[in-house]
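Residue numbers (this note's numbering), protein chains in the order written: chain A, 84 to 196; chain B, 23 to 136. Built from N, CA and C at the ideal position, the CB exists for glycine as well.
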Amino acid sequence: KAGVTQTPRYLIKTRGQQVTLSCSPISGHRSVSWYQQTPGQGLQFLFEYFSETQRNKGNFPGRFSGRQFSNSRSEMNVSTLELGDSALYLCASSPDLANEKLFFGSGTQLSVL
Amino acid sequence: AQSVTQPDIHITVSEGASLELRCNYSYGATPYLFWYVQSPGQGLQLLLKYFSGDTLVQGIKGFEAEFKRSQSSFNLRKPSVHWSDAAEYFCAVGVVAGGFKTIFGAGTRLFVKA
C-alpha cells in the first residue's frame, strides 16, 4: 500500500503570493489532517477533514483554508503569504472515525521570501 | 483548553544508558495518548499509544510509556538507548471535539553520545 503522498516536496514563494499544497492519503483512509511544523513550536493543528467535511479547525487565520475531495485527496491553501508562514506542512491520514493513529506524509517545506 | 507539555527541548544520553522523556497533558476527560518519533529526513512514526487498560504500554523499538492519571503524565522510557534512537520525539493527546483531533507537544530532541 502506498503511503501518504504530499506534493510538492519543496516550495519557494514570495510574500503576498498564495500557495496550494496537495495530499493523497493512504487508500481507504477517509480522514485527513494538516499540521504546521516549525522549530520550537512542534506541530500545530490546522484542520481535519472527513468525507469532504471539515470536522475540526485549529487557531490559524482565515488565510489558511483547505478542502477534501470525494476521493479523500485534500488540498490546503494559504493566501497572502507572510514570512512567518515558512514551515514544514505535514499531512496525516487515518482510516477511522476515531482517528486513533495518524499516518504522516513527508511534508511540504514552504519557504516564504 | 487541551495542551501537551514536553519540558525538555533537548536531551543528551550516552549510548547504552537509559532514557526517560517527560510529557504532561491537560485534558478534562480520559485521554488518548501517543508518542511519535521523527527521524532526520523522515516522517513521523507512531511509537506507542494508550487508550485504556494497563497503564504501562509497550511500543516499537523497545520503547514503553507509563500513564499516570494523578500526575497527568505519560513519560516515555527505554532501558538502553542506541545511536539510531537519535531523533525528535513528540507526545500527543487525542481529543474528541466534534471529530477527533490530535494535539502535539513541542517535541524533545534526543542526542545520543557514543
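Check                                                                                                                                    : Outcome
Per-residue DSSP class, three states only, for B/R91                                                                                     : helix
Cβ pair count under 8 angstroms reaching 3, the region 93-106 of chain A against the region 81-97 of chain B                             : no
Contacts around B/G84, its chain only, beta-carbon distance under 6 angstroms, and the 5 residues preceding and following it disregarded : K100
Spatial neighbours of B/V59 in its chain, beta-carbon cut-off 6 angstroms, leaving aside the 5 residues before and after                 : Q67, L69, A109, Y111
A/Y172 - containing beta strand (DSSP E), residue span                                                                                   : 170-177
Buried or exposed (CB count within 10 angstroms, at least 16 for buried), A/N142                                                         : exposed
Close beta carbons around B/F133, own chain, < 8 angstroms, minus the five adjacent residues each side                                   : H32, I33, T34, V35, A108
Burial state of B/Q93 (16 or more Cβ within 10 Å)                                                                                        : exposed
Collapsed DSSP secondary structure at B/S106 in the structure displayed                                                                  : helix
Beta bridge counterpart(s) of A/R150 as assigned by DSSP                                                                                 : A/E158
C-beta contact flag for A/Y118 and A/Q127 at 8 angstroms                                                                                 : yes
Beta-carbon proximity list for A/L185, same chain, < 7 angstroms, skipping 5 on both sides                                               : S116, A175, S177
Any 3 or more C-beta pairs closer than 8 angstroms across the region 156-164 of chain A and the region 23-32 of chain B                  : no
Against chain A: residues of the region 36-70 of chain B by CB proximity under 7 angstroms                                               : Y54, G65, L66, L68
Backbone CA spacing between B/V118 and A/L196 [nearest angstrom]                                                                         : 37 angstroms
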